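Enquirer: Going by our numbering, the first residue of the sequence shown is number -3, and it counts up by one from there.
My questions all concern the structure below.
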Amino acid sequence: MSEQNSATVLQGEIISQNPAAGASVAPGSAVALVVSSGPESVTVPSVVGQTQTAAADALKQVGLTVGTITRENSATVPAGTVISQNPAA
-3 MSEQNSATVL QGEIISQNPA AGASVAPGSA VALVVSSGPE SVTVPSVVGQ
47 TQTAAADALK QVGLTVGTIT RENSATVPAG TVISQNPAA
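Laid out in structure tokens, this is it:
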């Protein structure tokens, strides 16, 4: 049995087997299984200090999407600039 990342097969479910289903084999033969370990992890980039558009582009480049956006007033940071993120980079 081996594991493989998959974006389409849930973690713990079988991706493939060898020999294939329906094949004739001798009793006691081994069946090799490939089990999904779920989607591959990515590292969250730091987007603090970037504009909202640039931050969204940076997240998209690594396969992430923008979640909840909370707007806060700041006397020191220009409007539309990311001042914090969760999860942190």
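Positions of the beta carbon are idealized from the N, C-alpha and C atoms, including for glycine.
If you're wondering where the values come from, they're calculated on a predicted model, not measured in any experiment.
Using alpha carbons as the reference points, say which of L55, V31, A71 and P23 lies closest to I10.
Expert: In the sequence shown, the residue the question calls residue 10 occupies position 14. Of the listed residues, the one whose Cα sits closest to I10 is V31.
Enquirer: Considering only C-alpha positions, which residue in the set M(-3), P15, A16 and A17 is nearest to G8?
Expert: By one-based count along the sequence shown, residue 8 stands at place 12. Nearest option by C-alpha distance: M(-3).
Enquirer: What are the boundary residues of the alpha helix (DSSP H) that includes L55?
Expert: Start at 1 with the first residue of the sequence shown, and residue 55 comes out as number 59. Start and end: Q48 to Q57.
Enquirer: May I have the straight-line CA-CA distance separating Q48 from E36, to the nearest angstrom?
Expert: As a working note, residue 48 is residue 52 in the sequence shown. As a working note, residue 36 is residue 40 in the sequence shown. About 26 angstroms.
Enquirer: Give me the Cα-Cα distance between D53 and S33, rounded to the nearest whole angstrom.
Expert: If you number the sequence shown from 1, residue 53 lands on position 57. If you number the sequence shown from 1, residue 33 lands on position 37. Roughly 27 angstroms separates the two Cα atoms.
Enquirer: Identify whether L6 lies in helix, strand or coil by the three-state DSSP scheme.
Expert: Here residue 6 refers to the residue found at position 10 when the sequence shown is read from its first residue. Three-state DSSP puts L6 in coil, outside helix and strand.
Enquirer: To which residues of the same chain is L29 closer than 7 angstroms at the C-beta, ignoring the five residues directly before and after it?
Expert: Sequence index remark: in the sequence shown, residue 29 carries index 33 (1-based). Contacts found: M(-3), I10 and Q13.
Enquirer: Short check: CB of V38 to CB of G63, under 8 angstroms?
Expert: In the sequence shown, counting from the first residue as 1, residue 38 sits at position 42. In the sequence shown, counting from the first residue as 1, residue 63 sits at position 67. Not closer than 8 angstroms, so no.
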